[in-house]
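Below: the structure, in structure tokens.
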Amino acid sequence: MDVFAIIIAALFADNFVLSQFLGICPFLGVSKKISSAAGMGIAVTAVMVITCAVCYPIYTFLLAPMGLQYLNILVFILLIASLVQILEMVLKRFSPGLYSAMGIYLPLVTTNCAILGVAKIVTNVAASAADAGFVFSDVFFGQLVSVNMAMGYGEAVLSGLFYGLGFTLAIVLLAGLRIKTDKLHVAKALRGFPMTMLAACFMAMAFYVFTLM
Amino acid sequence: MKLKKFKEIALDGVVRQNPTFRLVLGTCPTLAVTGMGAVSCLGMGAAVIFVLVFSNLIISLLRNIIPDKVRIPCFIIIIATFVTIISMFMEAFLQELYASLGMFIDLIVVNCIILGRAESFASHNPVLDSVCDGLFMGIGFTLSLTLMGIVREVLGKGALFGAQLWNFKIEFFAKPAGAFLTYALFIAIFNVCYNAVERKLKHQAAHKAALAEHQSEAAVAATEAKEA
Numbered sequence: 302m303d304v305f306a307i308i309i310a311a312l313f314a315d316n317f318v319l320s321q322f323l324g325i326c327p328f329l330g331v332s333k334k335i336s337s338a339a340g341m342g343i344a345v346t347a348v349m350v351i352t353c354a355v356c357y358p359i360y361t362f363l364l365a366p367m368g369l370q371y372l373n374i375l376v377f378i379l380l381i382a383s384l385v386q387i388l389e390m391v392l393k394r395f396s397p398g399l400y401s402a403m404g405i406y407l408p409l410v411t412t413n414c415a416i417l418g419v420a421k422i423v424t425n426v427a428a429s430a431a432d433a434g435f436v437f438s439d440v441f442f443g444q445l446v447s448v449n450m451a452m453g454y455g456e457a458v459l460s461g462l463f464y465g466l467g468f469t470l471a472i473v474l475l476a477g478l479r480i481k482t483d484k485l486h487v488a489k490a491l492r493g494f495p496m497t498m499l500a501a502c503f504m505a506m507a508f509y510v511f512t513l514m
Numbered sequence: 002m003k004l005k006k007f008k009e010i011a012l013d014g015v016v017r018q019n020p021t022f023r024l025v026l027g028t029c030p031t032l033a034v035t036g037m038g039a040v041s042c043l044g045m046g047a048a049v050i051f052v053l054v055f056s057n058l059i060i061s062l063l064r065n066i067i068p069d070k071v072r073i074p075c076f077i078i079i080i081a082t083f084v085t086i087i088s089m090f091m092e093a094f095l096q097e098l099y100a101s102l103g104m105f106i107d108l109i110v111v112n113c114i115i116l117g118r119a120e121s122f123a124s125h126n127p128v129l130d131s132v133c134d135g136l137f138m139g140i141g142f143t144l145s146l147t148l149m150g151i152v153r154e155v156l157g158k159g160a161l162f163g164a165q166l167w168n169f170k171i172e173f174f175a176k177p178a179g180a181f182l183t184y185a186l187f188i189a190i191f192n193v194c195y196n197a198v199e200r201k202l203k204h205q206a207a208h209k210a211a212l213a214e215h216q217s218e219a220a221v222a223a224t225e226a227k228e229a
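Protein chains in written order, with the numbering used here: chain A, 302 to 514; chain B, 2 to 229.
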């Protein structure tokens, strides 16, 4: 699989929100303002990258060799919860500005199905990564790491990053649309959630075009 | 448990606080699974009922033991355990269903309905109430999911519970965009019906109260007249 295909798939065709329906809760809940939508998007992206970077080796080198694959849900959810906690502490200590911008979204990210979903997708890829023949890991981690790690680590981290960016794209676009739709005079029954979902419906139609390519 | 409270919990779970249409929780599986047909919806609903009932049971049993500060991690571990159990069960005995639902079974762990009920109900209610709450919340979720699944299957695939009805189909409803549209319309219609029924019930109650007051006034007047 080449890099360009991963990027296009993760951003548009397999967009986490609009075609895989993962992370809908923050998508509908935190999209009132563009600034908060962007904050949520960046928080999700950061956590996704870290999750992929950590869950992938733990799955391939710890769980799979010991035959403990069935524990993956428990292990991943604990890992994600502690990673988010650590990220929060690190941000608080080293970058208070960034912390005040996206700190409030970090705890919400823990129970976001997009994160657990990315961990599952990436480790499912791990099972078939042997024949992936992906060379991007050489660029990122040098020859040594790529020999020691199964092929596909770079792919895992990269898809985590772009799935996160795809989420950010969708949520920021929806926030932009909602500024318009919230001002419309619509039937009382359609106000709130139904109207937001109608906006998302049109976005999904637009993103669907990319799957036809 | 009294029958009245049981009725309250049942009504809350299925109608008044319907997780899908009133609280708008657990939206990810709702949007995704309804596109897979009504049978998958029933399977997903059954899995959610199982997890909800048992996690509510255990959390309610442990509600006085779990320290308040670490309650969320504890809840998540309990929920993840039951999700692992149902996921392994389905993988072993219901392979077809498991294959079609994919990772959405595993993602029940982070379904907000379950954590929401643990946090807002099971963590400070007696065991029997919590189990009932889990059961009826799950039933409410299953019913709304299946209803949406039927609509999307009939319109999008021309089939019902996997059986082909006719060749006419609007593929839009089987696609992601159709999921959002169906969900939006369902919420709107549900809320219109709910508000209409509630208004009528309130009206009836007010009428009854007025009637009772009138009667008691008449009775008072009658006794006064008698005394005089």
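Idealized CB from N, CA, C, for every residue including glycine.
With a threshold of 7 Å between beta carbons, B/T21 makes no contact with chain A. Per the DSSP secondary-structure output, B/L161 pairs in a beta bridge with B/A164. Chain A has no Cβ within less than 7 Å of the Cβ of B/L146. Residues of the region 100 to 112 of chain B with a C-beta less than 7 Å from any C-beta of chain A: M104, D107, L108, V110, V111, listed in chain order.
Between A/A476 and A/A347, the C-beta spacing is not below 7 Å.
Proximity of chain A to B/M45 at the Cβ level (cut-off 9 Å) is not reached, the minimal Cβ distance being about 13 Å. When Cβ-Cβ separations below 7 Å define contact, B/Y195 makes no contact with chain A.
The C-beta separation of A/C353 from A/V419 comes to about 6 Å, placing the pair in contact by the 8 Å criterion. Non-local C-beta neighbours of B/V111 in its own chain, meaning closer than 7 Å and more than five positions away in sequence, are absent. Straight-line spacing of the CA atoms in A/K484 and A/P358 works out to 48 Å. Counting only runs of 4 or more residues that sit fully inside the region 52 to 139 of chain B, the alpha helix (DSSP H) segments are 72 to 94, 96 to 102, 113 to 121, in chain order. A/I378 is positioned such that its CB atom lies no closer than 7 Å to that of B/A123. Not a single CB atom of chain A sits nearer than 7 Å to the CB of B/L156. Taking a beta-carbon distance threshold of 7 Å, A/C326 counts as an interface residue toward chain B. For B/L116, the chain A residues whose Cβ falls inside 8 Å of its Cβ are T412, in order along the chain. Looking at the backbone, the Cα of B/A93 and that of A/L375 are separated by about 19 Å. Rounded to whole angstroms, the Cβ separation of B/T31 and B/M104 is 15 Å, and the two are not in contact under 8 Å. Taking a C-beta distance under 7 Å as the contact criterion, B/P177 and A/L470 do not qualify as a contact pair. Around the CB of B/P68, fewer than 16 other CB atoms lie within 10 Å, so the residue is classed as exposed. Distance from A/P495 to B/I188 at the Cβ level is roughly 5 Å; contact confirmed, criterion being Cβ atoms closer than 8 Å. Counting the other CB atoms within 10 Å of its CB gives B/F83 a total of 16 or more, which places it among the buried residues. Closest option to B/T28, judged by alpha-carbon separation, among B/L146, B/V198, B/Q205: B/L146.
Under the 7 Å criterion on CB atoms, A/A311 is classed as non-interfacial with respect to chain B. A/G461 and A/E389 have their C-alpha atoms spaced approximately 19 Å apart.
In the DSSP assignment, B/Q205 falls within the alpha helix (DSSP H) that extends over 177 to 228.
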